[in-house]
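With this note's numbering applied, the sequence shown covers 2 to 220. Written out below as structure tokens is the structure these notes cover.
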Amino acid sequence: MKFFLDTANLQEIQEAASLGVLDGVTTNPSLVAREKGDYLENLIRICETVKGPVSAEVVTTEYDSMVEEGRKLAKVHKHIVVKIPMIREGVKAIKTLSSEGIKINCTLIFSAVQGLIAAKAGATYLSPFVGRIDDTGHDGMVLVRDMVQIIELHDLEAQVLAASLRHPMHVLEAALAGAHVGTMPKSVFDQCFKHPLTDIGLARFLEDYKKSQAQGAAG
Ligand code: G3P
Numbered sequence: 002m003k004f005f006l007d008t009a010n011l012q013e014i015q016e017a018a019s020l021g022v023l024d025g026v027t028t029n030p031s032l033v034a035r036e037k038g039d040y041l042e043n044l045i046r047i048c049e050t051v052k053g054p055v056s057a058e059v060v061t062t063e064y065d066s067m068v069e070e071g072r073k074l075a076k077v078h079k080h081i082v083v084k085i086p087m088i089r090e091g092v093k094a095i096k097t098l099s100s101e102g103i104k105i106n107c108t109l110i111f112s113a114v115q116g117l118i119a120a121k122a123g124a125t126y127l128s129p130f131v132g133r134i135d136d137t138g139h140d141g142m143v144l145v146r147d148m149v150q151i152i153e154l155h156d157l158e159a160q161v162l163a164a165s166l167r168h169p170m171h172v173l174e175a176a177l178a179g180a181h182v183g184t185m186p187k188s189v190f191d192q193c194f195k196h197p198l199t200d201i202g203l204a205r206f207l208e209d210y211k212k213s214q215a216q217g218a219a220g
């Protein structure tokens, strides 16, 4: 499963990219609103840092304006993936833009049939929002499993991008469900590296090594 960071913060992206296991970035208008500076310049810096797919979302809801926005965003950098919401006008825009060779991430997917429609329209990535479904008292991961199954059964090219992942268990379950990509906030990415037994084990190894060196020097 590819790891994407769900942020528009360049510093977070630089930190994660320096570890060598970051495959891409997803942004949305809420994440972009938290950042200072020129939006398009920030996007270029993000693309050059991550050197992989970077989703940038349209902020209009009519077919014509989404297509226009999508074309403009796609020209900003070769790594840009245009993010389009799962609405009827959005599906039309996905069809047009994807047939022009523009990569699309269809966002705000809350049912597997919505995902199937977006895949048929030509979206490269399908983004089910796991955490937001969990928030309603339902199991968001069921949607990821269903979407992966549909893609495999029907030999579709789209990739399931598990989004709205809130903790490492979401990341684990998305990977086990066969999601092609998991996008997560930097805090969740950081949590995924940690295990107390790793820290305890390392401290013990280093302590034992130090002791053996001291004994060697004494003997
Ligand atoms: O990738 C979608 C994500 O930005 C939504 O996350 O935690 O706001 O549901 P969340």
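By construction, the Cβ of each residue, glycine as well, lies at the ideal position given by its N, Cα and C atoms.
Coil, strand or helix - residue 56 by DSSP: Three-state DSSP puts residue 56 in a strand.
Residues of its chain near residue 45, where Cβ-Cβ distance is below 8 Å and the 5 sequence neighbours each way are ignored: Close CB contacts of residue 45 within its chain, under the 8 Å cut and outside five residues either way in sequence, are with 77, 78 (chain order).
Cβ neighbours of residue 17 in the same chain (closer than 7 Å, five flanking residues each side left out): Correct list, in chain order: 6, 23, 187, 190.
Three-state secondary structure (DSSP) of residue 10: Reduced to three states, the DSSP call for residue 10 is coil.
Supposed close pair residue 20, residue 50 - CB separation, criterion 8 Å: The Cβ separation is near 12 Å, so there is no contact.
Straight-line Cα distance separating residue 218 from residue 52: Going by the C-alpha atoms only, they are around 49 Å apart.
Own chain partners of residue 178 with C-beta closer than 7 Å, once the 5 adjacent residues on each side are dropped: Counting only Cβ-Cβ distances below 7 Å, and skipping sequence neighbours, we find 142, 145, 146, 149.
Among 61, 117, 176, nearest to residue 156 - alpha-carbon criterion: Residue 117 holds the alpha-carbon nearest to the alpha-carbon of residue 156 among 61, 117, 176.
Status (buried if at least 16 other CB within 10 Å, exposed otherwise) for residue 204: Exposed: under 16 other Cβ atoms inside 10 Å.
Residue range of the unbroken beta strand (DSSP E) whose run includes residue 87: Per DSSP, residue 87 belongs to no beta strand (DSSP E) and is neither H nor E.
Span of the beta strand (DSSP E), counted from its first residue to its last, around residue 165: From DSSP, residue 165 is part of no beta strand (DSSP E); its letter is neither H nor E.
Assigned exposure category for residue 54 - 16 Cβ within 10 Å defines buried: Result: buried.
Chain-order list of residues whose beta-carbon lies under 6 Å from that of residue 174 (same chain, five-residue window excluded): The answer, listed in chain order, is 142.
Within 8 Å, strictly: CB atoms of residue 95 and residue 122: The answer is yes: Cβ separation under 8 Å.
Alpha-carbon spacing of residue 160 relative to residue 39, whole angstroms: Going by the C-alpha atoms only, they are around 30 Å apart.
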